[in-house]
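Reading through the structure tokens given below for one structure.
Numbering (the numbering used here), first residue to last: 581 to 778.
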């Protein structure tokens, strides 16, 4: 699940360390020398801070989207596992020759008991109001493939979120460095002005 959100990039400077891009998320630039950074980008302090704050907000927006995708996948994986268990139970009951008795929800709070007799197939909801009938083997294969894909997607999302958190931290540090550099420069200018006046 690639993120469809793009983040604007600033011109990169050769003396700064920039993390590589990951799935459309640009790496944040760690600024070692603020004055060089500002001169290479041709920005004043306020413009640089505005750009960095905007970048930070873009990172936060992407993080919210990735967290929503992660929650969806974390809810989906147990559902797929339950479906696999049900298919395995149906297969086991079929091979043993006994009927399966199951309670199922008819409506909210209303349950009914059903006796499932010898069957060779199971129906799976595929989404978009589509249900298809599969043999036990086909259903197990499809559900296992979906489970493997969901787990792989979750691993990628977790790695993306870690990368994103690192970029947020680097951007926050850069904002602090630029701000502190500006405060220091103002104090130096103020001290120089006081020395000249006295």
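Backbone N, C-alpha and C define an ideal beta-carbon position, used for all residues, glycine too.
What does DSSP give as the partner residue(s) for residue i in the beta ladder?
i: residue 638; result: Looking at the DSSP assignment, residue 638 forms no beta bridge with any residue, so it has no partner.
i: residue 680; result: 696
i: residue 707; result: 710
i: residue 702; result: 714
i: residue 690; result: 687
i: residue 743; result: Per DSSP, none; premise fails for residue 743.
i: residue 660; result: Paired residue(s): none; residue 660 is not in a bridge.
Quick check: residue i and residue j, are their CB atoms within less than 8 Å of each other?
i: residue 744; j: residue 642; result: yes
i: residue 657; j: residue 730; result: yes
i: residue 670; j: residue 716; result: yes
i: residue 696; j: residue 682; result: yes
i: residue 734; j: residue 654; result: yes
Report, in whole angstroms, the separation of the C-beta atoms of residue i and residue j, which I expect to be a contact under 8 Å.
i: residue 751; j: residue 632; result: 6 Å
i: residue 614; j: residue 705; result: Contact flag wrong, Cβ pair sits at about 56 Å.
i: residue 727; j: residue 664; result: 7 Å
Within its chain, find whatever has a CB closer than 8 Å to the CB of residue i; leave out the 5 residues flanking it on each side and keep chain order.
i: residue 583; result: Confidence is the limiting factor: at residue 583 the pLDDT is only 44, short of 50, which leaves the residue's position unreliable, though a coordinate-based value still follows. Answer for residue 583: 603, 604, 605, 642, 645, 646 and 740, listed in chain order.
i: residue 667; result: 702, 716, 719, 720 and 723
i: residue 737; result: 581, 646, 649, 650 and 653
i: residue 601; result: 607
Quick check: is the beta carbon of residue i nearer than 8 Å to any beta carbon in chain B?
i: residue 711; result: The question asks about chain B, but that chain is absent: this structure has only one protein chain.
Using C-beta distances below 6 Å, list every residue in its chain close to residue i, excluding the 5 sequence neighbours before and after it, in chain order.
i: residue 748; result: 639
i: residue 784; result: Because the chain is modelled from 581 through 778, residue 784 falls outside the range shown and cannot be assessed.
i: residue 711; result: 703 and 705
Who are the Cβ neighbours of residue i in its own chain at under 7 Å, not counting the five residues just before and after it?
i: residue 590; result: With a pLDDT of only 49 at residue 590, under the threshold of 50, the placement of this residue in the model should not be trusted; the figure read from the coordinates follows. So the list reads 621 and 631, once near-sequence residues are dropped.
i: residue 771; result: none
i: residue 684; result: 691, 692 and 694
i: residue 686; result: 692
i: residue 586; result: The pLDDT assigned to residue 586 is 47, lower than 50, so where the model puts this residue is not dependable; a value taken from the coordinates is nonetheless given after this. Result list for residue 586: 604, in chain order.
i: residue 768; result: none
### Query
On the three-pair Cβ rule with 8 Å, is the region 750 to 761 touching the region 624 to 639?
yes
### Message
Within 8 Å, do at least three Cβ pairs link the region 673 to 681 to the region 757 to 770?
### Response
No, they do not touch.
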